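Below: the structure, in structure tokens.
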Amino acid sequence: MDLLYTPSQTQFREEVRAWLAAHVPAKKLASFDTAEGFEQHRQWEKTLAAGNWGMVTWPKEYGGRACDLIEWLIFEEEYYRAGAPLRVNQNGIFLLGPTLMEYGTEAQKERFISAMASGEEIWAQAWSEPNAGSDMAAIRCRADRDGDDYVINGQKIWSTRAVFADYAFGLFRTDPESSRHHGLSFILVPLDSPGVTVRPIEQLNGLPGFAEIFFDDVRVSDFNLLGGENQGWQIAMSTAGFERGLMLRSPARFQQASRRLVELYRKRRNDILDLSIEDSVVRCYMDAEAYALSTYQTASRLVAGGHIGAESSCNKIFWSELDIRIHETALSLLGARAEIEPETAEDHAELGTWLDGFLFSQSGPIYAGTNEIQRNIIAERMLGMPRK
Amino acid sequence: MDLLYTPSQTQFREEVRAWLAAHVPAKKLASFDTAEGFEQHRQWEKTLAAGNWGMVTWPKEYGGRACDLIEWLIFEEEYYRAGAPLRVNQNGIFLLGPTLMEYGTEAQKERFISAMASGEEIWAQAWSEPNAGSDMAAIRCRADRDGDDYVINGQKIWSTRAVFADYAFGLFRTDPESSRHHGLSFILVPLDSPGVTVRPIEQLNGLPGFAEIFFDDVRVSDFNLLGGENQGWQIAMSTAGFERGLMLRSPARFQQASRRLVELYRKRRNDILDLSIEDSVVRCYMDAEAYALSTYQTASRLVAGGHIGAESSCNKIFWSELDIRIHETALSLLGARAEIEPETAEDHAELGTWLDGFLFSQSGPIYAGTNEIQRNIIAERMLGMPRK
Amino acid sequence: MDFTFTDDQLAFRDSVGSMLENEVTTASIRERWTGDSGENGDMLNMLNEMGMNSLLVPESCGGLGMDLVDFVLLADACGKAALPESIVEDAVVAGGLLSDLLASGQHTDQVQELLGGVAAGDIRVGCAHIINPYSNFAHRKDWMLLANGNDVHLVPKSDLKFTALKSVDPSRRLQKVDWAPSRKTRVAEGEVGAGLQRATLNRGALAAAAQLLGLAQAMVQQAVDYSATREQFGKAIGTNQAVKHLMADCAVQIEFAKPVVYRAAYTVGVAPQRADWAVSHAKTAAGSAAELSARNATQVHGAMGYTWECDLHIWVKRAWALAKEWGDAGFHKNRIHEWLLQPNALLGPEFTFGKRYIDHSDSAAA
Amino acid sequence: MDFTFTDDQLAFRDSVGSMLENEVTTASIRERWTGDSGENGDMLNMLNEMGMNSLLVPESCGGLGMDLVDFVLLADACGKAALPESIVEDAVVAGGLLSDLLASGQHTDQVQELLGGVAAGDIRVGCAHIINPYSNFAHRKDWMLLANGNDVHLVPKSDLKFTALKSVDPSRRLQKVDWAPSRKTRVAEGEVGAGLQRATLNRGALAAAAQLLGLAQAMVQQAVDYSATREQFGKAIGTNQAVKHLMADCAVQIEFAKPVVYRAAYTVGVAPQRADWAVSHAKTAAGSAAELSARNATQVHGAMGYTWECDLHIWVKRAWALAKEWGDAGFHKNRIHEWLLQPNALLGPEFTFGKRYIDHSDSAAA
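What follows is the structure in structure tokens.
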């Protein structure tokens, strides 16, 4: 155990910091759930890509820097420290990218990865269906083989980024006789294909953060089939593993939020009466720190050649509950002004983005597998409790 | 709504207070889970009965005072205020007594109720079996009809008071072909019958608060059958209803405990550092008060001719969690000394009975139907959620 | 000792409740969001016809002269319906303060006339209290009761300047109110004014608590209904024990908040010197039940609960706002804490009800 | 940057762990309860043979000269086994203080001799810290390290008077220690003494935290095992979602307490000026995980978990005691709170690891 950074890690941190200082937009971008903000964020992805900072863990041939996970964590720490924009490219760089590298043909990699890395093509997820949310194996959306094409019919829902994205990836039923997780295929679909209708879904904050996608005889070349036909479930599970695992929520995000919480607390503590607020602040700070420690521990083990274990199922529960608690505590510190949308208030600076963050935190225990499902997984796979 | 006591209620309170002041033993009795303490508590029951204070809601013919539930609550408040002994007779006065009055024959009432009320005969419960705890319908202990007798074979467990009690009541399978809640009968068994073996079970505090009872060809007259043969489940459910309902845990108990907690807090607060302790104390006080308010509300409705509804399932969860929280908070106030058995400590007075109470509180979420079962009941019967 | 509501009270609640259930559809609430005023004029008329404006107004002013025990169930029903109009605050808070002014003989003629107009539905009076940074629907009132130090002022709309603020709850129309106190507008001062403001805070917190109770019950009901129809893994999600227990936890908190809110309503009328703690307990318990219900109902709705189109957030956001309005949990728990610390505070069962509860004021005025 | 244990460290843990699993049966623990000393002599010998006494002793005194990162997994294993003997405290707390005395050149000869005796298993030294009202197994030690104000004293058994106190955990043998400080017994004073006491507190709290981690895991394992065999309603209770989630909640807390405890072990050795917060975090997190595991494991065991004959309470009661020993949650959260309030406290990711973590001591000495 050695918790010092190596000289090259320290140098890497400095390099990241310097580049971000020079490039992060001075003015906060509009939300990427607006058309204007989406394009602003796409531009930012292009800027990142131009500096080879799009996804530092990717191989150099795809615009990465072949960094290990410790360096990725350092990058993330500096990224959040700099207040850099949210990543509109998240579905691509964290989920689809690694999957393409593992399962894609050379031709597919060539076609998709660079365009993804550069921000030319932004990706949406298309997993869930109206009756296949937590129960993803209940997918019914069909992709029927027709010559060299698939013809897709059906409906997807909760597709993040789909309102403005260029492509979507997801699972489709290619064997009409199959059931559950058999007979599904992993297919990449251009969202400008004839027959695709995207219906935005507004979130709690009124912005369309996700969408329904309707497929009406949408024709897609079988070039866009990732991995073998009817092998989609296995591929998706590896994608979902990435999502639920280490990289979905970077610890730096929560450490920065808890640091801002401590600052708000120092400023407001003499004005508030809540007897439990001190305890909440201390807990938030400790838990954000614990999440970082745990992530470094796992990253160290992976860097040393180890594997990520079932205990990683604990991550999702921990950070999603932490995120809610950080924001609830901040709103408690703001008292009755917490309900105000800050753009209309005089004391905008103090209100900050806490209300926004609070609204967003509400989705944490729900998406990427509800926390109820996560607790089942922990009990059954990590602790070995009986299924039935 | 009128929250003033009537003159007769106020007079009743004064009468109870005066009698208790004159009769409550000056010296704390030994635990009724010891042979010595059991007899001390039996004597106290006899004293209560001699003053017609054994169970004030019972009819006068059975030694009661025909009080309504509001008066019962007043009695309980004064009882806890006076620091009077725990009721070793609880199984009899709260559970079996009302059941006997409803289902017993005149002969049975004559035989059992006075002896119960006077403390001559102390009763144990005999519901659970090794594989029939939360699932009471899984009872296997048999009572086979033989002429005018039943012959009992099998085993009961978690029988409170059974180590020193005179009688036990419980459910036995009288129809050997039956299953689940059919074919059970409610039978009263003298614990000195030949073939009865009582094996004490020690609790967390090392004292035998309950027992296993083994029945080996135990012969019981059918005089001791309460209600019809194979009708036991319905009768037991009414008994269990009493138990889970209003009278299992008197609110005065928790109000007194939270008052003592506030006193401990006032005394110790400058010596302790716990940031959340103020909040815990306030919550305990509020919740003890809320439990009292809720009980008075239900009692008022019953006195006015209303019925107890499914919302009473909430009681057990509320008071058992409150009881744990009161005692955890007290132990937090005591800090590292909380682990000391007070009889060995110099500062006995401050340690008080908090450790004892804390140990006892651990059983709250478990007995009389675990809180998990209670939550199922609330969801299914009160909120109408689907069973399967 | 009778801790029940009368049949009349229950029947009144039922009739108001079913009117609201029929008329305050979620579609009509969403219409208000895009409207200029944020209010629905027909609804204001219906509420007035049912007597909501006149219920608490003294009979001498043409009102029904009823009390908060009569009103608390109606406030609960308004919460259940997520009614956007501020009728509960208008009746309880502004109406209560006007009645207090009348009772204490301050500016009797003007106040009596206003109360008459309120009871008739002709005049709308609002009230802003210093504990709230902004005032909901202040711009729709003809008169506002406002505080300046200990003083209480009654100011006509023409002398007020409003700045609108956007709440997380689109049904709320918060206003910052700018005004200049003058001797002309002052209706109470000094100790009297301070006492009126304290009573106003308690009535406001009680009104919020009662609505929070209704909100909590409505959210649980929606989640229960949703869980019975929404299927995952081939069965309704409501069959899962984890989902059941999320709902049961809410039910427990709600059941034990109810009598606390009811006692607070009783106390505000019968023993105002005790009201601080009764009300603070009520606001804390109802706020906590509503916040838990908001969280758990959202969780049960899954991704649907995170959308604008699902109606649930109408209730959820109201619950967030009301839990902090009229004193947040910190403020109210602190009032109880201050009291518990007083060596002469009379705690325990013999002071929970009855004459000893009502009469004693160990430290109320402190 | 390498936040892993070496293969050697893991292998040592495994061998100590399996020795304890085989030898510290619950029957043997119950035997200790009725014995006079509360200890098992064979176990003390085995622990000594495995090097537990000598591991942290400097090589110059015949020890292995290893550090707390080497030891923390062993402490966890001792917690898992609910080992009654106080080997962890002896090695980490008393051994640590003796090593500190040696390093700071205080009474070198006497301390060196004692450390040699400790490493050989011939001499037993204990340590009482003012934060604990009583000292576990003090009566079984040849020497005790004791505090008097800032001073530290080293006192032979013959000069000590013991009064036994009964703990809720029958495996613990608490002693009140009476003694008279004298110049002869004093081994450190003033600032030096205060610094040693502070380091001692941190080592004690770390030792408790590591054991609490082990206790928590053992309790969850027992409850999981029980839930797989115990049937109700015709199926194992472990198939119920509510039971699964009780266990999953514990698992989450345990998983996120582990790296916190490990970093604290690292910090105590490498950056003692940072140890206050690292240790306080560790003690709080491990204590909370153990208390939750005690509660939930008891609940899963049902009535069985409330009995003396079920072994679970061996772990449960130890968890209750250790959660409050060496500073309870209040003490440790307060240390972090005090730090967070300092305007110059360096918080955030760039100070969680690395040179900036280790070097900076923004307010440590305060």
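These protein sequence lines map, in sequence, to chains A, B, C and D.
Under the working numbering, read the first sequence as residues 11 to 398, first letter to last.
Under the working numbering, read the second sequence as residues 11 to 398, first letter to last.
Under the working numbering, read the third sequence as residues -4 to 361, first letter to last.
Under the working numbering, read the fourth sequence as residues -4 to 361, first letter to last.
Here a beta-carbon is modelled for each residue, glycine too, at the ideal position from N, C-alpha and C.
As the structure is a computational prediction, the values presented were derived from the model and not from experiment.
{"Item": "Status (buried if at least 16 other CB within 10 Å, exposed otherwise) for Ala361 of chain C", "Value": "Interpretation of Ala361 of chain C is limited by its pLDDT of 31, a score under 50 that renders its predicted location unreliable; the figure taken from the coordinates is listed afterwards. Under this definition Ala361 of chain C is an exposed residue."}
{"Item": "Continuous beta strand (DSSP E) stretch holding Arg293 of chain B: start and end", "Value": "Here Arg293 of chain B belongs to no beta strand (DSSP E); instead the alpha helix (DSSP H) covers 287 to 313."}
{"Item": "Own chain, CB closer than 6 Å to Leu5 of chain D, minus 5 neighbours either side, in chain order", "Value": "none"}
{"Item": "Neighbourhood of Trp272 of chain C by C-beta, 6 Å cutoff - its chain only, sequence neighbours within 5 removed", "Value": "Ile331, Trp334"}
{"Item": "Same chain, Cβ closer than 8 Å to Ser55 of chain A, five either side skipped, listed in chain order", "Value": "Sequence check: residue 55 of chain A is Glu here, not Ser. If we look at Glu55 of chain A and ignore the five residues flanking it on each side, its Cβ neighbours are Gly64, Arg97, Val98, Asn99, Ser128, Gly129, Ile132."}
{"Item": "Inter-residue spacing [alpha-carbon to alpha-carbon] between Glu286 of chain C and Ala314 of chain C", "Value": "6 Å"}
{"Item": "Contact set between Gln206 of chain C and chain A, taken where Cβ atoms lie within less than 8 Å", "Value": "Result: empty, since nearest Cβ-Cβ is about 15 Å, beyond 8 Å."}
{"Item": "Residue-level contact to chain C via CB, Tyr72 of chain B, 7 Å cutoff", "Value": "no"}
{"Item": "beta-carbon Glu55 of chain A near the ligand GTP non-hydrogen atom, thresh 6 Å", "Value": "Within the structure as shown, the ligand GTP is missing, as the structure has no ligands at all."}
{"Item": "Nonlocal neighbours in the same chain, by C-beta distance under 8 Å from Ile383 of chain B, ignoring five residues either side", "Value": "Ser144"}
{"Item": "Within chain A, partners of Tyr301 of chain C - CB distance below 7 Å", "Value": "Gln213, Leu214, Gln372, Ser373, Ile376"}
{"Item": "Residue range of the alpha helix (DSSP H) that includes Ala420 of chain C", "Value": "Because chain C spans -4 through 361 in this model, residue 420 of chain C falls outside it and cannot be assessed."}
{"Item": "Simplified DSSP state of Lys56 of chain B, which is helix, strand or coil", "Value": "helix"}
{"Item": "Cys324 of chain B: first and last residue of the uninterrupted alpha helix (DSSP H) it sits in", "Value": "323 to 344"}
{"Item": "Span of the alpha helix (DSSP H) around Cys73 of chain C", "Value": "63 to 75"}
{"Item": "Where the beta strand (DSSP E) containing His332 of chain D begins and where it ends", "Value": "First-last for His332 of chain D: 324 to 336, but that is the alpha helix (DSSP H), not the beta strand (DSSP E)."}
{"Item": "Nonlocal neighbours in the same chain, by C-beta distance under 7 Å from His296 of chain C, ignoring five residues either side", "Value": "Ala218, Tyr221, Cys305, Leu307"}
{"Item": "Length at least 3, wholly inside the stretch 172 to 256 of chain A: the beta strand (DSSP E) runs in chain order", "Value": "177 to 183, 194 to 200, 206 to 211, 220 to 231"}
{"Item": "CB contact check: Ser188 of chain A to chain B, cutoff 7 Å", "Value": "no"}
{"Item": "C-beta contact flag for Glu320 of chain C and Ala346 of chain A at 7 Å", "Value": "yes"}
{"Item": "Paired residues, beta bridge with Cys245 of chain C - DSSP", "Value": "Paired residue(s): none; Cys245 of chain C is not in a bridge."}
{"Item": "Test item: CB-CB of Asp288 of chain C and Cys245 of chain C under 7 Å", "Value": "Sequence inspection shows Ser at residue 288 of chain C; the Asp mentioned does not correspond to that position. Result yes, Cβ atoms of Ser288 of chain C and Cys245 of chain C sit closer than 7 Å."}
{"Item": "Ala359 of chain D in three-state terms, based on DSSP", "Value": "Caution applies to Ala359 of chain D, whose pLDDT of 39 falls short of 50 and renders its modelled position unreliable; the value that the coordinates give is listed next. Reduced to three states, the DSSP call for Ala359 of chain D is coil."}
{"Item": "Cut-off 8 Å between Cβ atoms - residues of its own chain near Met45 of chain D, not counting five sequence neighbours on either side", "Value": "Ser10, Val11, Met14"}
{"Item": "Identity of the residues DSSP links to Lys166 of chain A by a beta bridge", "Value": "A:Ile223"}
{"Item": "CA-to-CA distance, Ile350 of chain A to Ala189 of chain C, given in whole angstroms", "Value": "28 Å"}
{"Item": "Contact set for Ala133 of chain C: own chain, Cβ-Cβ below 7 Å, skip 5 residues either direction", "Value": "Gly121, Ala123, Met139, Phe157, Gln170, Val172"}
{"Item": "Chain E contact for His240 of chain D (CB, 7 Å cutoff)", "Value": "In summary, chain E is missing from the structure at hand, where the protein chains are A, B, C and D."}
{"Item": "Enclosing alpha helix (DSSP H) for Thr109 of chain A [first to last residue]", "Value": "107 to 113"}
{"Item": "C-beta atoms of Leu208 of chain D and Ala259 of chain D nearer than 7 Å", "Value": "no"}
{"Item": "Residue interval of the alpha helix (DSSP H) (run including Asp117 of chain D)", "Value": "From DSSP, Asp117 of chain D is part of no alpha helix (DSSP H); its letter is neither H nor E."}
{"Item": "Residue-chain proximity (Asp85 of chain D, chain A), Cβ-Cβ < 7 Å", "Value": "no"}
{"Item": "Proximity test, Cβ basis, 7 Å: Tyr221 of chain D and chain A", "Value": "no"}
{"Item": "Selection from D:Gly233, D:Ser32, D:Ala114, D:His276 that minimises the alpha carbon distance to Gly60 of chain D", "Value": "D:Ala114"}
{"Item": "Residue span of the alpha helix (DSSP H) that contains Lys350 of chain C, given as start and end", "Value": "349 to 354"}
{"Item": "Residue range of the unbroken beta strand (DSSP E) whose run includes Arg155 of chain A", "Value": "152 to 156"}
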